[in-house]
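One structure is given here, and the rest of the page talks about it.
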Amino acid sequence: MLARVRSGSVVGVDAVVVEVEVDMSLGLPFFNVVGLPEGAVKESKVRVVSALKNSGFELPQKRITVNLAPADIRKEGATFELPIALGVLVAAQQLPPEPLGEYLFGGELSLDGAVKPIRGVLPLAIAARDGGYRGVIVPVANAAEAALVDRIEVIPVRDVVEAVRHLSGEEPLTPFDREAAVRRPAGDGVVLDMTDVRGQGDMKSALELAAAGGHNLLMCGPPGSGKTMLARRLPSILPPLEFQEALELTKLYSVMGLVKEGEALVSDRPFRAPHHTISDAGLVGGGPLARPGELSMAHRGVLFLDELPEFRKNVLEVLRQPLEEGLVRLARANQHITYPCRVMLVAAMNPCPCGWFNVQQRQCLCAPNRVNDYHARISGPLLDRIDITLETRPVELRKLAQADGDERPSSYYRERVMAARARQLARFRNEPGVFCNAQMGPRLVRRYCLLGAAGQAMLEGAVQRYGLSARAHDRILKLALTRADLEQHERITDDDVMSAISCRVIDRKDWIRRGQTAAGVPYVDPRQQALIHGGGR
């Protein structure tokens, strides 16, 4: 007899419905799985047979063939063990086939028949809803995650026997309560707070501006000036995730198997800080199985790159397109996979290899060409994609020695950021997928970033004087709109434009020249230096 049960295979962050066909025919006892299965799927036949026997089912001594269709999609993981087991029972005429057509199934089996949790349950539930199925039957540990999807039933099962009794109508199970899944868990409180950072009022304001609009930020300053400390406290002033944002993030974490036990919905914005030795595949995704990288794991959160010039150049350059589009596109010989990566990029760097370039009361030991070379490790196109590039300065000793400073807590900045984000959500309520100013495309920039005559002249003068690109021009407009939202202005003012322009320091053409002139070092143009070292070519 031929039986058909439906499951799903995860491709990227989406699930493709897979039909599990089980044929039981006369012949020597043999169990074979076909349909491009990888190692774990091939091993499932051993677990399925043991689980069914230990659950009290008698299997006939026949030839069993399992086909996973479509055959051109690689099947991996233990998701198919529960549907294979149920298909075997239907083929052996120990389970009626009719109820199986209403559900998608997924679950790993232990040798005693218990159903263990799997990865990718949320994409499986979304595929069931979009495919018009009644619901999904999944392990108890994954039920809350699947119940985040509306308009479907989620039937949690503990073992094969429980699933068979439900499908046969002997002991119907109660669907999982969706309201319990959507309810957000109570937070443990913010451990890192802005009050821990002494001084650096300008940089705190810059972080507030970046958080209010979701803008990328680069901090350049000497060692010990608080760059890493500030970056790690940025999540404490970010607004909570909208439900749609949290669902996107949970879907990604579900594919990676990183959803915490007992927490159906990922409710905290991620903060990822990879080491500078990371590979390009580790950062943006890829490898033999085309897994998501750190960039996608920071989706809707913060990606912090400390010691930015120490990252390999090819690693930094692969960030350019994903930062612009908010998507990572991985092309392989047999498939194309897309991962989301709407992140706030926060980077930190020293001003030179020794760390003391243009710092008062400290002597820089680097030759002028070394400073130029150090900054040249970060390409102009990458800097173009960073909205705020500012210097940090060493904190005065008297501020460090204060027992109780007058620093504002994270809650103060968070309230202002949330008020600004509320204005942006109202502005973009008819723009799907746009939650903050940094996500505006050219069409929205032209619609909402309107300047007065003085502001327009100020912006044009800055672009010409500092040699900024057209992309930098648009990013200054977005930043000016964010400042207007933060200060509750009805429209972009001249002060907002001036503030946005002043937030681009490191990528100005004259920044290194001004620092060398202040230190009494003759300025060497990088292009002339390249001609000298290149023999005039």
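Residue numbers (the working numbering): 32 to 568. Every residue gets a Cβ at the ideal spot worked out from N, C-alpha and C, and that includes glycine. From a predicted model like this one, the values you see are computed outputs, not experimental measurements.
Tell me where the alpha helix (DSSP H) around Glu-325 begins and ends. That run of the alpha helix (DSSP H) goes 325-328.
Hey, which unbroken runs of the beta strand (DSSP E) at 3 residues or more fall wholly within the stretch 65-123? If we require 3 residues or more, the beta strand (DSSP E) runs fully inside the stretch 65-123 come out as 94-100.
Is the separation between the beta-carbon of Ser-267 and that of Arg-445 shorter than 8 Å? The Cβ-Cβ distance between Ser-267 and Arg-445 falls below 8 Å.
Backbone secondary structure at Ile-532 - three-state DSSP: The answer is helix: DSSP assigns Ile-532 an H, G or I state.
Can you tell me whether DSSP reads Thr-420 as helix, strand or coil? Note: Thr-420 maps to strand in three-state DSSP.
With DSSP collapsed to three states, give me the class of Arg-568. With a pLDDT of 34 at Arg-568, under the threshold of 50, the predicted position of this residue should be treated as unreliable, and no value is reported.
Residue from Ser-441, Val-349 and Ile-507 with nearest C-alpha to Thr-420: Of Ser-441, Val-349 and Ile-507, the residue nearest in Cα terms is Ile-507.
Residues in its own chain within less than 6 Å of Gly-324 by CB, not counting five upstream and five downstream? Result list for Gly-324: Gly-313, Leu-314, Val-315 and Gly-316, in chain order.
How many angstroms separate the CA atom of Val-171 from the CA atom of Trp-387? Across the structure, Val-171 and Trp-387 are spaced so that their CA atoms are roughly 57 Å apart.
When we look at the beta-carbon of Ala-484 and count the other beta-carbons within 10 Å, is it buried (16 or more) or exposed? It is exposed - the Cβ of Ala-484 has fewer than 16 other Cβ atoms within 10 Å.
Thr-369 and Arg-363 - do their beta-carbons sit closer together than 8 Å? Taking C-beta atoms as the reference points, Arg-363 and Thr-369 fail to come closer than 8 Å.
Are Asp-227 and Met-250 touching if we call contact CB-CB under 8 Å? Going by C-beta atoms, Asp-227 is not nearer than 8 Å to Met-250.
What does DSSP give as the partner residues of Met-55 in its beta bridges? Paired residues: Ile-95.
Which one or two residues does DSSP pair with Leu-179 in a beta bridge? Paired residues: none, contrary to the question.
Could you give the first and the last residue of the continuous beta strand (DSSP E) run that contains Tyr-370? Following the DSSP letters along the chain, one finds Tyr-370 inside the beta strand (DSSP E) bounded by residues 367-371.
Glu-210 versus Glu-139, Glu-69, Met-234 and Glu-176, residue with shortest Cα-Cα distance: The candidate whose alpha carbon is nearest that of Glu-210 is Glu-176.
Am I right that His-413 and Leu-350 are in contact with their C-beta atoms under 8 Å? What's the rounded C-beta distance? With the sequence shown as reference, residue 413 is identified as Leu, and His is not the correct amino acid for it. With 8 Å as the limit, Leu-413 and Leu-350 qualify as a contact, their Cβ atoms being about 7 Å apart.
Taking the straight line between their C-alpha atoms, what separation do you get for Arg-165 and Val-77? So the two alpha carbons sit approximately 30 Å from each other.
Could you tell me if Ala-217 is buried or exposed, where buried requires 16 or more neighbouring beta carbons within 10 angstroms of its beta carbon? Reliability fails at Ala-217, whose pLDDT of 47 lies under 50, so the model's placement of it is uncertain and the value that follows must be treated cautiously. Classification of Ala-217: exposed, given that the 10 Å Cβ count is below 16.
In angstroms with no decimal places, state the Cα-to-Cα distance between Arg-182 and Glu-294. The alpha-carbon atoms of Arg-182 and Glu-294 are separated by roughly 21 Å.
Rounded to the nearest angstrom, how far is the Cβ of Val-448 from that of Leu-280, given a contact under 8 Å? Contact between Val-448 and Leu-280 fails: their C-beta atoms lie close to 19 Å from each other, not under 8 Å.
Given a cut-off of 8 Å on the beta-carbon distance, is the pair Arg-105 and Gly-58 in contact? No; because the gap between Cβ atoms is not below 8 Å, this pair is not in contact.
Relative to the alpha-carbon of Pro-382, which residue among Val-346, Arg-452, Arg-150 and Arg-393 has its alpha-carbon at the smallest distance? Measuring from the Cα of Pro-382, the nearest candidate turns out to be Arg-393.
Member of Asp-505, Gly-43 and Ala-493 whose CA lies at the smallest distance from the CA of Arg-478: The shortest C-alpha separation from Arg-478 is found at Asp-505.
Selected residue, minimal CA-CA separation from Gly-255, among Ala-243, Arg-229, Leu-265 and His-246: Closest option to Gly-255, judged by alpha-carbon separation, among Ala-243, Arg-229, Leu-265 and His-246: Arg-229.
So the candidates are Asp-190, Gly-66 and Pro-130; which of them puts its Cα closest to the Cα of Leu-113? Of Asp-190, Gly-66 and Pro-130, the residue nearest in Cα terms is Asp-190.
Ignore the nearest five residues each way along the sequence and tell me which others in Glu-239's own chain have a CB closer than 8 Å to its CB. Answer for Glu-239: Ile-268, Tyr-444, Arg-447, Val-448 and Leu-517, listed in chain order.
Quick one: measure Cβ to Cβ for Val-79 and Val-119, integer angstroms, because I've assumed they're closer than 8 Å. Between Val-79 and Val-119, the beta carbon gap of about 7 Å places them in contact (Cβ cut-off 8 Å).
Given 8 Å, three or more beta-carbon pairs between the stretch 459-475 and the stretch 509-516: Short answer: they touch.
Might you give, ordered along the chain, the residues of its own chain that have their beta carbon closer than 8 Å to the beta carbon of Arg-460, omitting 5 neighbours on each side? Closer than 8 Å at the Cβ level, and outside the excluded window around Arg-460, lies no residue.
Minimum C-alpha distance to Pro-154 - residue among Val-97, Gln-487 and Gly-39: Checked all of Val-97, Gln-487 and Gly-39; the closest Cα to Pro-154 is Gly-39.
Cα-Cα, which of Ile-532, Lys-258, Glu-356 and Ser-410 is closest to Arg-343? Taking the Cα of Arg-343 as reference, the smallest distance to any Cα among Ile-532, Lys-258, Glu-356 and Ser-410 is reached at Ser-410.
Between which two residues does the alpha helix (DSSP H) holding Ile-507 run? 501-517 is the extent of the alpha helix (DSSP H) around Ile-507.
Which residue wins for smallest C-alpha separation from Leu-339, given the options Ala-378, Ala-457, Leu-223 and Pro-440? Comparing Cα positions, the closest option is Ala-378.
Can you look up Gly-43 in the DSSP assignment and give me helix, strand or coil? Looking at Gly-43 - three-state DSSP - the assignment turns out to be coil, as it is neither helix nor strand.
Decide yes or no for the touch test of the stretch 95-102 against the stretch 129-136: beta carbon pairs closer than 8 Å, at least 3 of them. Taking 8 Å as the limit for Cβ pairs, the verdict is that the stretch 129-136 does not touch the stretch 95-102.
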